[in-house]
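Comments concern the structure below.
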Amino acid sequence: MHAETMVPRAAFGLAGRRVWIAGHSGMVGSALVRRLRSEACEILTAVRSEVDLVRQDHTERWLARNKPDVVIVAAAKVGGILANDTYPADFLYQNLMIEANIVEAARQVGVGKLLFLGSSCIYPKFAPQPIQEASLMTGPLESTNEWYAIAKIAGLKLAQSYRKQYGCDFISAMPTNLYGPEDNFDLQSSHVMPALLRKAHEAKQRDDKQITIWGTGTPRREFLHVDDCADGLVHLLKTYSGHEHVNIGSGEDVTIRELAETVCEVVGFKGEIINDTSKPDGTPRKLMSADRLRALGWAPRMGLKKGIAHTYQWFLANRA
Ligand code: GFB
267 MHAETMVPRA AFGLAGRRVW IAGHSGMVGS ALVRRLRSEA CEILTAVRSE
317 VDLVRQDHTE RWLARNKPDV VIVAAAKVGG ILANDTYPAD FLYQNLMIEA
367 NIVEAARQVG VGKLLFLGSS CIYPKFAPQP IQEASLMTGP LESTNEWYAI
417 AKIAGLKLAQ SYRKQYGCDF ISAMPTNLYG PEDNFDLQSS HVMPALLRKA
467 HEAKQRDDKQ ITIWGTGTPR REFLHVDDCA DGLVHLLKTY SGHEHVNIGS
517 GEDVTIRELA ETVCEVVGFK GEIINDTSKP DGTPRKLMSA DRLRALGWAP
567 RMGLKKGIAH TYQWFLANRA
């Protein structure tokens, strides 16, 4: 473990700072906008037509003009298991470009603090559970998302290398599987939670007798509501400055079958749940250790069932 780990510097205040949320219209970015409204900071955002983050010239120009004090890298090419497996080049290329462009441009303009967001898929497929931050690069990755994982590992290494070489206060957080408002509900490219909410809702409307879930239903996943995640990220920004990345999770996991049952209960769909085993399971279990973040004084507030109900209400109001 690196010597700097868990030695938070003096608390970092956001008051009066210009905070750029790169990727503000995504699920995590929009949760960060909601959360940061209760801080006395100025929130900066940029739409894609203004700055294409895959382009270095765009990114450098935007940062040079806007000179934020703080940057949160919530911009990423993301998707569920099938999207990751189908578009490996897009997931690797776009994520590498976005993070490299932002980190270098942030250094050039003297950004005071940068928070890079990764993913729990950075860890080895068979990492001991719950997964400690120290499990990074101790074994082979899960093949369905190794492209995205490699990009996200590169992102956290960028933050570490800029800290080591230039003394930049760049840190990284690795959130677990997230869900909530502004999620992607497309059945081909989404993650499991929005897919199941939509499937159960539409089956109930059509009075279908069954819904189909991908894979065997036995993989275990940990879920965190995106508003909890945004709160944890702001806590990290304020309290942490170190070389090591920090997991952000709920500390609890369920099987995909159990998740499907809970979703059906919340939605009110009473039919059968059947499995499509031609679709991949992915990694068998992905539960992260929440110890490091808890030691920094943060814990999530929203339980899984309440979080699903909240997300279903958002889906009904905005997407159904
Ligand atoms: O959420 P998900 O797509 O991503 O799938 P991962 C989780 C599990 O749910 C897998 C099963 O075992 C899927 O087979 N599943 C069941 C479904 N029904 C469905 C369905 O209708 N749609 C989807 N999408 N899954 C992703 C990575 O892995 O996790 C990303 O590919 C990222 O890179 C993300 O790290 C957080 O948890 O398997």
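Take 267 as the starting number for the sequence shown in the numbering used here and just add one per residue. Glycine residues also receive a C-beta, built at the ideal position from the N, C-alpha and C atoms.
inquiry  = According to DSSP, simplified to helix, strand and coil, what is residue 468?
reply    = helix
message = Beta-carbon within less than 6 Å of residue 363's beta-carbon, same chain only, minus the 5 sequence neighbours each way: which residues are those?
response = 320
Residue 348 versus residue 357 - alpha carbon distance = 12 Å
query = Any idea what DSSP makes of residue 304, helix, strand or coil?
reply = coil
Cβ shell of residue 469 (< 8 Å), same chain only, five flanking positions each side left out = 476, 477, 535 and 537
query = Can you give, in chain order, each stretch of the beta strand (DSSP E) that sits fully within the region 335 to 366 and has at least 3 residues?
reply = 336 to 339
task = Identify the continuous alpha helix (DSSP H) that holds residue 564 and give its terminal residues.
result = First-last for residue 564: undefined, no H or E at that position.
query = Is the number of C-beta pairs between the region 484 to 495 and the region 558 to 578 that are closer than 8 Å three or more?
reply = yes
Residues of its chain near residue 337, where Cβ-Cβ distance is below 7 Å and the 5 sequence neighbours each way are ignored = 286, 288, 368, 372, 377 and 380
ask   = For residue 503, which residues from the same chain have a beta carbon less than 6 Å from its beta carbon, with the 5 sequence-adjacent residues on both sides left out?
value = 381
request  = May I ask you to report which of helix, strand or coil DSSP gives residue 445?
outcome  = strand
ask   = Which whole-angstrom value describes the C-beta separation of residue 365 and residue 344, a residue pair presumed to lie in contact below a C-beta threshold of 8 Å?
value = The pair is not a contact, with the Cβ atoms about 13 Å apart (cut-off 8 Å).
query = Applying the criterion that 16 or more other CB atoms from any shown protein chain within 10 Å of the CB defines a buried residue, is residue 499 buried or exposed?
reply = buried
query = Roughly how many whole angstroms lie between the Cα atoms of residue 587 and residue 313?
reply = A question about residue 587 goes unanswered here, because the residues of the chain that appear run from 267 up to 586.
message = Let me check you understand the geometry: is the CB of residue 286 closer than 7 Å to at least one non-hydrogen atom of the ligand GFB?
response = no
inquiry  = Quick check on residue 304: buried or exposed, where buried means 16 or more other Cβ atoms within 10 Å of its Cβ?
reply    = exposed
request  = Quick one: using the 10 Å Cβ neighbour count with 16 as the cut-off for buried, is residue 430 buried or exposed?
outcome  = exposed
Collapsed DSSP secondary structure at residue 581 in the structure displayed = helix
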